[in-house]
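Trainee: Okay, handing you the structure first.
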Amino acid sequence: MMLRIGWFSTGRGEGSRGLLRFIHDAIDQGRLDAEIEFVFSNREPGEADGSDRFFDLVRSYGLPLVTLSSGRYRREHGGGPMARHRLGFDRDAIRLLEPYQPDVCALAGYMLICSGEMCRRYPLLNLHGALPDGPTGTWQSVIWQLIESRSRQTGAMIHLATEEVDRGPVLSHCVVPITGNGFDQDWEALRGRDAADIRAAEGEDCSLFRRIREAGYRREPYLILETLRAVADGRLRVKPKAALDSSGKPLELRYPAGLPLTEHIEAALAAE
């Protein structure tokens with residue numbers, strides 16, 4: 044049965060457009076038995092150039108677009124941090140999305156933390172740029188933690204969004220070595236230097252930082268695609284609070300947690 048996908052994205056820049064384009068093309072070319080049932084954004088038309096370009100792409104595909112500005116919502120409800128308004132905003136979003144019945148929803152460049160109510164309403168697939176037992180936080184924070192700990196590998200995972208950020212049940216993961224293939228020279232250049240000093244002096248211009256980011260970034264669209272494909276063909280089963288294998292066993296019982304997709308992703312990259 045065709046997988047029905049809800050797509051959540053703030054649509055800020057080229058990365059958000061690239062992810063939508065990548066999955067749409069896979070569906071259009073018959074590589075993924077699915078349809079994108081709707082696209083939801085927490086920005087509205089006219090709010091920012093980046094999201095307007097994202098909306099143009101959504102419309103060019105003929106996909107239903109649903110928008111609710113989190114910035115406007117926050118201003119109209121007394122201001123302050125978005126955390127104060129998270130539940131109310133999500134309840135309004137859920138009401139707007141009532142006509143749709145997605146099997147899963149992908150958080151693809153969606154810049155809000157979802158409330159528990161939203162997480163219970165939909166199985167929300169979230170991409171995190173680290174292995175299941177790896178660092179939490181933003182992708183920038185993850186990379187600095189990898190440099191500080193002198194890690195030999197990183198990766199990415201898809202997990203179900205919960206109220207505990209970056210720690211929901213894991214559906215899938217891929218491993219990314221960060222030694223060899225140019226990495227060793229960058230590691231050697233930083234020998235004896237403290238990660239905090241490197242960050243202060245070079246920031247994201249650090250060659251090793253950029254190399255680690257590029258290695259993960261290349262694989263992230265494929266991890267999303269292969270995970271959705273696994274859900275579509277029954278190798279993964281998802282519920283709002285559970286990630287299961289085809290037999291109904293929780294994937295968190297594996298180590299590392301989730302379905303390993305490294306071989307599929309490396310084969311796809313080699314075929315590019």
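Each number in the working numbering corresponds to the 1-based position in the sequence shown with 43 added.
Beta carbons: idealized from backbone N, C-alpha and C, even for Gly.
1) Taking the straight line between their C-alpha atoms, what separation do you get for residue 173 and residue 108?
2) Are at least three pairs of beta-carbons, each pair with one atom in the stretch 260 to 269 and one in the stretch 48 to 66, less than 8 Å apart?
3) Spell out a yes or no on whether the stretch 240 to 257 and the stretch 278 to 285 are touching, meaning 3 or more CB-CB pairs, one atom from each, closer than 8 Å.
4) Quick one: complete beta strand (DSSP E) runs, 3+ long, within the stretch 99 to 150?
5) Determine the direct distance from the alpha carbon of residue 170 to that of residue 92, and round the result to whole angstroms.
6) Are the beta-carbon atoms of residue 82 and residue 62 separated by less than 7 Å?
7) For residue 270, does the three-state DSSP call read helix, strand or coil?
8) Counting along the chain, where does the beta strand (DSSP E) carrying residue 78 start and finish?
9) Could you spell out the range, first to last residue, of the beta strand (DSSP E) harbouring residue 280?
10) Helix, strand or coil for residue 157, going by three-state DSSP, please let me know.
11) Going by beta carbon distance, what residues of the same chain come within less than 7 Å of residue 307, once the five residues before and after it are set aside?
12) Roughly how far, in whole angstroms, is the beta-carbon of residue 102 from the beta-carbon of residue 137, given that I think they are within contact range, below 8 Å?
13) Determine the contact status of residue 153 and residue 53, defining contact as a CB-CB distance below 7 Å.
14) Do you know offhand how far residue 195's Cα is from residue 299's?
15) What does the alpha-carbon distance come out to for the pair residue 168 and residue 234?
16) Per the DSSP calculation, residue 201 is bridged to which residue(s)?
17) Could you compute how far the alpha carbon of residue 100 sits from the alpha carbon of residue 48?
18) Could you check what DSSP says for residue 88 in three-state terms: helix, strand or coil?
19) Could you check which residue in 237, 236 and 145 has the C-alpha nearest to that of residue 78?
20) So, is residue 86 buried or exposed, given that buried needs 16 or more other C-beta atoms within 10 angstroms?
21) Out of 114, 44 and 225, point me to the one whose CA is closest to residue 89's CA.
22) So residue 175 and residue 301 are in contact, right, with Cβ under 8 Å, and what is the actual spacing, rounded?
23) According to DSSP, which residues form a beta bridge with residue 49?
24) So, at 8 Å on beta carbons, what are the nonlocal neighbours of residue 264 in its own chain, with the 5 sequence-adjacent residues on each side left out?
25) Which of the three DSSP states, helix, strand or coil, is assigned to residue 299?
26) Excluding the five sequence neighbours on either side, which residues of its own chain have a C-beta within less than 7 Å of the C-beta of residue 287, listed in chain order?
Mentor: Reading off the structure:
1) 30 Å
2) yes
3) Not touching, per the Cβ criterion.
4) Whole beta strand (DSSP E) segments, 3+ residues: 108 to 110 and 147 to 150.
5) 24 Å
6) no
7) helix
8) 77 to 84 is the span of the beta strand (DSSP E), which, as asked, contains residue 78.
9) Residues 279 to 282.
10) Three-state result, residue 157: coil.
11) 269
12) 23 Å between Cβ atoms; not a contact.
13) For residue 153 and residue 53, yes; Cβs fall inside 7 Å.
14) 16 Å
15) 38 Å
16) 170 and 215
17) Spanning the two alpha carbons is a distance of roughly 17 Å.
18) coil
19) 145
20) A buried status is given to residue 86, since no fewer than 16 other beta-carbon atoms sit within 10 Å of its beta-carbon.
21) 114
22) Under the criterion of beta carbons closer than 8 Å, residue 175 and residue 301 qualify as touching, at roughly 6 Å.
23) 81 and 148
24) 61, 62, 65 and 66, listed in sequence order.
25) coil
26) Within the same chain, 280, 293 and 294 come within 7 Å of residue 287 by CB-CB distance, once the 5 residues on both sides are set aside.
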